[in-house]
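*Asks:*
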Amino acid sequence: MSHRGPVPVSERHAFDTVIDARSPAEFAIDHIPGAINCPVLDDDERRIVGTLYKQQGAFEARRMGGAFVAANLARHLQGRFAEQPARWKPLVYCWRGGMRSGSMVTWLRMVGWDAQQLAGGYKTWRRHVMAQIAVLSPQLQMRVVCGPTGSAKTRVLEALAAQGEQVLDLEALARHRGSVLGAWPGVAQPSQTAFETALAAVMETFDLSRPVYVEAESSRIGRISVPPELLQRLRASPCVEIVASPAARLDFLLRDYANLGDDPERLAQQLHALRELHGREVIERWQAWAHERALAPLFGELMALHYDPLYARSQSTHLFQWPKRLSVSAEALAAADIALLAAAVVRLPWPAQALERPLP
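Just so you know, we're using my numbering here: the sequence shown kicks off at 63 and counts up by one.
1. Taking the C-alpha atoms as reference points, what is the distance between L336 and A245?
2. Do three or more CB pairs link the stretch 185-201 to the stretch 274-294 at distances below 8 angstroms?
3. Which same chain residues, not among the five before or five after V369, have their C-beta less than 7 angstroms away from its C-beta?
4. Would you say W36 and W150 are within 9 angstroms of each other, going by their C-beta atoms?
5. Can you tell me whether H368 is helix, strand or coil according to DSSP?
6. When burial is assigned at 16 or more other CB atoms within 10 Å of the CB, is V173 buried or exposed?
7. Output yes or no for whether 9 angstroms exceeds the beta carbon distance between L270 and P289.
8. Contact between the stretch 385-393 and the stretch 306-314 is defined here as three or more beta-carbon pairs at a separation below 8 angstroms; is this criterion met?
9. Between H138, R137, V111, A256, which has its C-alpha nearest G128's C-alpha?
10. Rank Q228, H138, P70, A310 by C-alpha distance to the C-alpha of M365 and give the top, closest one.
11. Skipping 5 residues on each side, what residues in its chain have a beta carbon closer than 6 angstroms to that of I94?
12. I'd like the list of long-range same chain contacts for A404, defined as Cβ closer than 7 angstroms, with 5 residues on each side in sequence excluded.
13. When we look at the beta-carbon of F121 and count the other beta-carbons within 10 Å, is it buried (16 or more) or exposed?
14. I believe L402 touches L388 by the beta-carbon criterion, under 8 angstroms. Please report the beta-carbon distance rounded to the nearest angstrom.
15. When the distance is taken between beta carbons, is A83 closer than 9 angstroms to P101?
16. Are the CB atoms of A358 and L329 within a distance shorter than 9 angstroms?
17. Looking only at its own chain, which residues have a Cβ that is under 8 angstroms from the Cβ of M126, when we skip the five neighbours before and after it?
18. Can you grab the Cα-Cα spacing for the pair V131 / D78, in whole Å?
19. Taking all protein chains shown into account, do 16 or more other C-beta atoms lie within 10 angstroms of the C-beta of P240, making it buried, or fewer, making it exposed?
20. What is the DSSP secondary structure of Y155, counted as helix, strand or coil?
21. Within a Cβ cutoff of 8 angstroms, which residues of the same chain sit near I195, ignoring the five residues on either side of it in sequence?
22. Nearest by alpha-carbon distance to P152: which of A177, Q146, L139, N134 is it?
23. DSSP on P70, reduced to helix/strand/coil?
24. Would you kindly check if the distance between the Cβ of L243 and the Cβ of Q377 is under 9 angstroms?
25. Residues in its own chain within less than 7 angstroms of F382 by CB, not counting five upstream and five downstream?
26. Rounding to the nearest angstrom, what Cα-Cα distance links E346 and H340 in this structure?
27. Is T79 helix, strand or coil by DSSP?
28. If you draw a straight line from the C-alpha of D318 to the C-alpha of E233, how long is it?
29. In the DSSP assignment, what residue or residues form a beta bridge with M204?
30. Do you know offhand how far G284's Cα is from V249's?
31. State the CB to CB distance for the pair V179 and V167, rounded to an integer number of angstroms; the pair is presumed to be in contact (CB under 8 angstroms).
32. Hey, quick one: how far does the alpha helix (DSSP H) through Q331 stretch, first residue to last?
33. Does the distance from the CB of V274 to the CB of R205 come in under 9 angstroms?
34. Is R189 buried or exposed, if buried means 16 or more other CB atoms sit within 10 Å of its CB?
35. Based on Cα-Cα distance, which residue from S253, A144, G183 lies nearest to R162?
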């Protein structure tokens with residue numbers, strides 16, 4: 063058994079289990095991918111110990127905290143850890159690599175397991191995530207898929223992935239479609255930190271010698287911010303525009319956003335956010351259609367009056383290679399058409415892209 067010093071983040075894959083010893087609330091915000099949550103203090107206990115520390119000092123806080131920790135460790139030893147073999151090798155972390163993970167490691171070692179502590183805890187993990195995004199972003203050979211609302215850009219990305227291409231689906235990671243009506247029904251967006259953790263995890267899997275397809279995005283996807291290094295690389299990358307008729311796009315939107323008709327009141331409330339842009343009369347007409355579940359005229363006007371003008375302005379402003387964009391045309395946007403579109407995107411004469419190596 064090797065009771066060495068704290069383990070660096072780079073060696074985390076050498077362990078059988080990664081254990082997050084923080085409270086459930088901390089774990090829910092963000093955690094190392096694949097980690098299991100075995101708190102030494104739950105949310106209420108952590109609050110009690112913190113209050114005691116402020117009011118009565120460190121000794122009383124440690125005495126109360128020690129009792130909580132002992133009870134929780136006993137519960138984990140009798141539950142989550144009960145079936146682990148003698149050769150089990152867990153890696154434990156807390157917020158800063160301090161007393162919470164240290165106490166768990168001590169007890170696991172007393173049992174006989176080769177438990178180790180992550181150096182610097184979650185804070186070190188967080189620095190690792192941001193460093194990975196900063197280092198990898200400039201090296202990605204991005205190919206940016208563009209097109210006005212209803213062009214099936216996300217579905218094209220999915221088809222590209224199914225055809226074996228490397229894809230960075232930022233909207234899937236952010237759990238949001240990026241527009242004013244883009245919230246996923248019944249699904250909350252992740253925290254900013256959890257989004258960045260998931261993003262770094264995907265980026266680490268990429269072969270940097272192969273292209274990565276990504277959808278054109280603004281700096282925010284719902285309430286998630288795209289890291290500036292990644293956004294800068296995206297905006298400097300070559301792009302392709304999907305060209306489809308308004309009729310084909312409307313047909314696609316009516317299929318892909320059909321769920322918006324399930325909650326007319328919520329849809330009407332979302333449209334209210336556009337009041338300053340379009341005025342009371344237009345918004346009231348759109349809200350009436352929403353209440354009537356009349357999605358065809360609503361989506362038709364949203365495309366013509368809101369999304370298309372916005373798209374025309376934003377692409378030329380934010381995509382530096384927009385004047386040199388490639389294009390693919392689609393007569394229709396059914397599943398079979400989208401698969402053909404994806405194949406056509408890959409076959410385009412994409413320009414070589416200079417790799418930006420970050421300074422050491």
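All C-beta atoms, glycine included, are put in the ideal place defined by N, C-alpha and C.
*Replies:* On the basis of the supplied data:
1. Going by the C-alpha atoms only, they are around 15 angstroms apart.
2. yes
3. Going by the sequence as given, residue 369 is Tyr instead of Val. So the list reads P210, T211, once near-sequence residues are dropped.
4. Only positions 63 to 422 of the chain appear in this structure, which leaves residue 36 out of reach.
5. Note: H368 maps to helix in three-state DSSP.
6. exposed
7. no
8. yes
9. V111
10. A310
11. V80, W187
12. So the list reads V218, A221, L222, Q225, once near-sequence residues are dropped.
13. Exposed is the call here.
14. Actually they are not in contact, since the Cβ atoms of L402 and L388 sit about 16 angstroms apart, beyond 8 angstroms.
15. yes
16. no
17. Taken in chain order, the residues that qualify are I110, V111, L114.
18. About 23 angstroms.
19. With the sequence shown as reference, residue 240 is identified as Gly, and Pro is not the correct amino acid for it. Counting Cβ neighbours within 10 Å, G240 comes out buried, since at least 16 surround it.
20. Y155 falls in the strand class under three-state DSSP.
21. E258, L261, A262, M265, P289, E291, L292
22. Per the Cα distances, A177.
23. coil
24. Against a cut-off of 9 angstroms, the Cβ pair of L243 and Q377 comes out as no contact.
25. So the qualifying residues of the chain are R297, A298.
26. 10 angstroms
27. Three-state result, T79: strand.
28. 15 angstroms
29. In the DSSP assignment, M204 is bridged to V274.
30. So the alpha carbons of these two residues sit roughly 12 angstroms apart.
31. Strictly speaking, residue 179 in this sequence is Gln, with Val absent from that position. Right, their Cβ atoms sit about 5 angstroms apart.
32. 326-334
33. yes
34. exposed
35. G183
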